[in-house]
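Peer 1:
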Amino acid sequence: MEAMKMEHTIAAPADGTVEELLFQPGDQVTEGSALLRLAAAS
């Protein structure tokens, strides 16, 4: 994620594959919002 030319690492709570992105580039999100859905690793 980039904000004001800074990178922020986002750690997933578990291993998996990104199934769906819930926001588009340029969207504003509030703290605590889910950004994506993960499919569990098999």
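Here this note's numbering = 1-based position in the sequence shown + 1024.
Even for Gly, the Cβ is constructed at its ideal location relative to N, Cα and C.
The structure displayed is predicted, hence computed values, not measured ones.
Are the CB atoms of Val1053 and Leu1045 within a distance shorter than 9 Å?
Peer 2: no
Peer 1: Does Gly1050 come out as helix, strand or coil in the three-state DSSP assignment?
Peer 2: coil
Peer 1: What do you reckon, are the CB atoms on Glu1043 and Ala1063 nearer than 9 Å?
Peer 2: In this structure, Ala1063 lies closer than 9 Å to Glu1043 by Cβ.
Peer 1: Skipping 5 residues on each side, what residues in its chain have a beta carbon closer than 6 Å to that of Arg1061?
Peer 2: Only Glu1043, Glu1044 meet the Cβ criterion.
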